[in-house]
Amino acid sequence: MFWPTSNSYVTEANMKPLVKNTISILSAGLLALGSAIYPNFVSAVEVSNSILEKNNKTASPLDNNLETKVTLSFPGSEDVLAQDIVFVLDKSGASDQKGIDSQARQFLDDIKQQADEKGLNIKIGIVNFYYAGKVRQELTDVVKNYNDIQNKLKSSVLGFGTNMHAGLLAAKKMLDDDTAVAAKNKHIILISDGATYLYSKNNDFTTAYTRSFNPTKQKDPNVYNDRRDLQGGIWEYQSRDYNLKIDWKKFNGTDVNFIFSYAMGGSWPWDPNKPENKDKPKPSIKYLGEYLDYYRQQEQDTSKNWAQYDYAYTFFSRRKGGGKNGVVPIENNAPANIDIAFMKADDVFQEMVNAGYQMNVYYKNKADFNGSLFLKYLARNSNDGKLNKDFQQLKKEVLEKVAKGSTVVDYIGKDFDFVNDVGKISLKVGTAMLQAEEIKDRALAGSDAHYGFGKNNDNTYRFELIYKKVDADAANKETLTLKINETVYPKIPVVLEYQEKLVKKPTAPGIYKLDTNEKATLYPVDANNNKGTPVDFPQPQVTYKVEGGNFDNPDPSPFPFTPDPEVNRKARIELLDEVPDTAACK
94 MFWPTSNSYV TEANMKPLVK NTISILSAGL LALGSAIYPN FVSAVEVSNS ILEKNNKTAS
154 PLDNNLETKV TLSFPGSEDV LAQDIVFVLD KSGASDQKGI DSQARQFLDD IKQQADEKGL
214 NIKIGIVNFY YAGKVRQELT DVVKNYNDIQ NKLKSSVLGF GTNMHAGLLA AKKMLDDDTA
274 VAAKNKHIIL ISDGATYLYS KNNDFTTAYT RSFNPTKQKD PNVYNDRRDL QGGIWEYQSR
334 DYNLKIDWKK FNGTDVNFIF SYAMGGSWPW DPNKPENKDK PKPSIKYLGE YLDYYRQQEQ
394 DTSKNWAQYD YAYTFFSRRK GGGKNGVVPI ENNAPANIDI AFMKADDVFQ EMVNAGYQMN
454 VYYKNKADFN GSLFLKYLAR NSNDGKLNKD FQQLKKEVLE KVAKGSTVVD YIGKDFDFVN
514 DVGKISLKVG TAMLQAEEIK DRALAGSDAH YGFGKNNDNT YRFELIYKKV DADAANKETL
574 TLKINETVYP KIPVVLEYQE KLVKKPTAPG IYKLDTNEKA TLYPVDANNN KGTPVDFPQP
634 QVTYKVEGGN FDNPDPSPFP FTPDPEVNRK ARIELLDEVP DTAACK
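With the numbering used here as the guide, the letters of the sequence shown map in order to residues 94 to 679.
Structure representation (structure tokens):
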């Protein structure tokens, strides 16, 4: 068989998955009526227990009727189904460790079992945070390294302080570095009490910073009633709010004092559950956002340079109650350490939201500081300000990535026609062949068709194929749309076969590589009805030869094909013993 090498588009990387575990490779050279027809790629893939690594599409040689059999196989574990999950775990003393462990470990157990059974490609990473961020487990395969993951998840950490900003920085770097996985398939699982008061700088998640008001080190300590040194800890804001008038500013549209405890949902001046107060405003992420926006503006005030009071937070420095530049002046406009910690954690969280990462936030707490409102604030753009309650929805998203509602849209090549014959269409799921049945569809034109595969008891079908000769929704192109009505997996892939006929034949002497389709794309929808990232199939070609003339300088073709002189000089059929590293398929 002859395999052209110039203008070839298949590389070793995308050929290997194509031929992995292939039972047979069919190769043939055909000669018809003085015109030789050469295939440039032939593959008959039999489904076995192996995992389909990538979405695949092949085309057989043109036969004597100028027809080619097109085969689509999906879903590939390395395409839409490759996923990363990073746990970001609050290891501070206040967080409910047992609750975190039990839920996360059960979730991992379910993920591992399903990934093993269905051939899913899922990697897990673990980040802990206390005063710093600690990568406990780099991204690793959940099936191959399950025991290591579980051991890292349940391991205890000696540390102090809470720096959510550092934990999110470490997790973001882990996901950013894995460029092989689509953004929509990257998941963060943040489990925390929301009580963070430390922060990092310059993306260094190994070092924590804080700032302190410490009334005992102010110019005149005696003017303050609350002179506690809170050592740059979680209660630092009290040195500001407890020592100044709290009615200096109100939340917009309310008569509620503009202080941290009210912003965080602390008891407002009235009981919102009483009928007479039903129309009064209630604590919400709206007011927390207003509070943080205000102090963000203050932090950016270069004339004040509040950041000069930051100091590295260590086991020893935290007891000094201030940095080398002294303590923060006790003023209403002065951002507290917890204000900065909230802002910086939110900045990184929203960066991941904007990158398309899937953010999941769980609240667990045993302490007297209720940080749940801040966690809801983090989720305002990713989950409408709602916290995740369990792992069921996430499991569907991860385990059923190509579920009911997914489609494959295939644009027939402009030089070919789809062979609209029910006897030449088949669909296989794993090793089970589903015969095509024609469905009467009055919404279609006379030249169009609707086929079903795998009829259910309620007369619906597991899969449906809709053919449109002129698709008004696709710029009047000839299209095939495969509707997927069940979840599909790489270990039991779907294989659709149909035939196309070459109808626009080139006439000038030469050898031509013809696209069997313009484009084919899988549009995944998960079990929660969320759309995933579309994945294109390879674009197979077939080779057609017109005899006569000088192959080194072929005559101009009246059709939009490009004869290949290098191919023509080697136009001898050679039967190869194995598939070469390259082939004319893009």
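For every residue, glycine included, the Cβ atom is placed at its ideal position computed from N, Cα and C. Keep in mind the model is a prediction, meaning the values are calculated, not measured.
For the pair residue 421 and residue 303, the Cα-to-Cα distance works out to about 11 Å.
Residue range 257-270 is occupied by the alpha helix (DSSP H) that includes residue 267, with no beta strand (DSSP E) assigned at that position.
Nearest to residue 410 by C-alpha distance, out of 217, 209, 618, 253, is 253. In this structure, the beta-carbon distance from residue 455 to residue 284 falls below 7 Å. Around the beta carbon of residue 176, 16 or more other beta carbons sit within 10 angstroms, so the residue counts as buried. Below 8 Å, too few C-beta pairs join the segment 241-248 and the segment 272-283 to call them touching: fewer than three.
Residue 528 carries a strand assignment under DSSP once its states are collapsed to helix, strand and coil. Shown here, residue 234 sits in a strand according to DSSP, grouped into three states. For residue 152, the enclosing beta strand (DSSP E) covers residues 149-152. The count of Cβ pairs closer than 8 Å, one atom from the segment 284-303 and one from the segment 258-267, reaches three, so the stretches are in contact. In the DSSP assignment, the residues bridged to residue 574 are 502, 559. Only exposed fits residue 536, as fewer than 16 other CB atoms lie within 10 angstroms of its CB. Taken through DSSP and simplified to helix, strand or coil, residue 317 comes out as coil. In the DSSP annotation of this structure, the continuous segment of the alpha helix (DSSP H) that includes residue 430 starts and ends at 430-448.
Its Cα nearest to that of residue 605, the residue 637 stands out among 598, 580, 637. Pairwise C-beta distances place the segment 593-600 out of contact with the segment 467-480, as fewer than three of them are shorter than 8 Å. Shown here for residue 569: same chain residues with a beta carbon closer than 7 Å to its own, the five before and five after excluded, namely 563 in chain order. Rounded to the nearest whole angstrom, the C-alpha separation of residue 160 and residue 511 is 9 Å. In the DSSP assignment, residue 451 is bridged to 280. Here residue 371 is exposed, its C-beta having fewer than 16 other C-beta atoms within 10 Å.
Between the C-alpha atoms of residue 408 and residue 225 there is a straight-line separation of about 12 Å.
Looking at the backbone, the Cα of residue 326 and that of residue 586 are separated by about 55 Å. When Cβ pairs closer than 8 Å are counted between the two stretches, the segment 328-338 is seen to touch the segment 304-311, the count reaching three or more. For residue 587, the pairing in a beta bridge is given by DSSP as 167, 522. The residue from 452, 496, 183, 462 with its alpha-carbon nearest to that of residue 479 is 452.
Collapsing the DSSP output to three states places residue 205 in a helix.
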